Amino acid sequence: MKVFQELKGLVAPLDRVNVDTDAIIPKQFLRSIKRTGYGDNCFDAWRYLDRGDIAMDNSTRPLNPDFPLNKPRYQGAEILLTRRNFGCGSSREHAPWALEEYGFRAIIAPSFADIFFNNCYKNGLLPIILSEKEVDILFCEVENNVGYCLLISLQEQTVITPSGQVFNFDITEHRKYCLLNGLDEIGLTLQNSDKIKAFEDKRKQQFPWMF
1 MKVFQELKGL VAPLDRVNVD TDAIIPKQFL RSIKRTGYGD NCFDAWRYLD
51 RGDIAMDNST RPLNPDFPLN KPRYQGAEIL LTRRNFGCGS SREHAPWALE
101 EYGFRAIIAP SFADIFFNNC YKNGLLPIIL SEKEVDILFC EVENNVGYCL
151 LISLQEQTVI TPSGQVFNFD ITEHRKYCLL NGLDEIGLTL QNSDKIKAFE
201 DKRKQQFPWM F
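Here this note's numbering is used: position 33 in the sequence shown is 33, and no number is missing along the way.
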């Protein structure tokens, strides 16, 4: 998992509430448990003018010029700004996979669906909850400023605007530690690999007939 410590990134706005995981990555693309191969189909139904399928060449498909993420000013964005209840719907982990592969490292919203929120942390994405008022301010500034970037410090738990305004966000110590060190659940387990091996060796000596 990628380490997340500090990010200064371009912000792209998605001014919608209740964005569900089927909108983030539609069901027809869920044909693999690999974590890669989903970025080109992220927000597929909104991003393209035709209906997508897994066998299509996305480079030849017509883009929807009205979809915010297709606008030239938001190309290369690493921070997604959106509205409440982002990531609702099914529990598919493919949703954070698609967002991460698209290029997002952080998502800012007033609230997230619970399973999606947890899946983000397991995949190196930082979901940040700010108040409705703070999100309104950011939407206004993004709209009025081409090239609008935010500085996110996970260590300080702050989002800093170009004018110096600081918004604070909460995160549990465990999740913060995992992101700062790039550790998912497997990575956390492997930190104790010496203890696990010592335990297994001891068990083999005590109960050799079990092995």
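Glycine residues also receive a C-beta, built at the ideal position from the N, C-alpha and C atoms. None of the values given here were measured: they were computed from a predicted structure.
Would residue i pass as a contact of residue j if the rule is Cβ separation under 8 Å?
i	j	result
L150	V3	no
V135	A109	yes
E185	K122	yes
N41	A98	yes
L183	I79	no
F139	L81	yes
G89	D20	yes
T36	E101	yes
E68	A12	Before going further, note that residue 68 is Pro rather than Glu in the sequence given. Yes, Cβ-Cβ distance for P68 and A12 is below 8 Å.
For residue i, which of the options has the nearest alpha-carbon?
i	options	result
E6	K34, G124 and N18	G124
D44	N85, Q155, D57 and N145	D57
D15	I137, G187 and K204	I137
I33	P96, L63 and R84	P96
H94	Q155, Y38, L126 and A106	Y38
A113	G103, E132, S91 and R105	S91
K176	P208, L190 and N118	N118
I128	G87, E101 and N145	G87
Rounded to whole angstroms, what's the CA-CA distance from residue i to residue j? Just pull it up for me.
i	j	result
N70	K197	50 Å
A65	R47	Here residue 65 is Pro; the residue named in the question, Ala, does not match the sequence. Approximately 8 Å between the Cα atoms of the pair.
S131	S163	19 Å
I152	Q28	34 Å
So is the beta-carbon of residue i under 7 Å away from any non-hydrogen atom of the ligand GTP?
i	result
Q206	As far as ligands go, the structure on display features none, and thus does not contain the ligand GTP.
Does the contact criterion of 3 or more C-beta pairs under 8 Å hold for the region 168-180 versus the region 23-36? no
If contact is defined by three or more beta carbon pairs under 8 Å, each pair taking one atom from either stretch, is the region 45-56 in contact with the region 71-91? Touching, no, given that fewer than three Cβ pairs across the two stretches are closer than 8 Å.
What are the complete alpha helix (DSSP H) segments, minimum 4 residues, inside the region 126-180? 132-144
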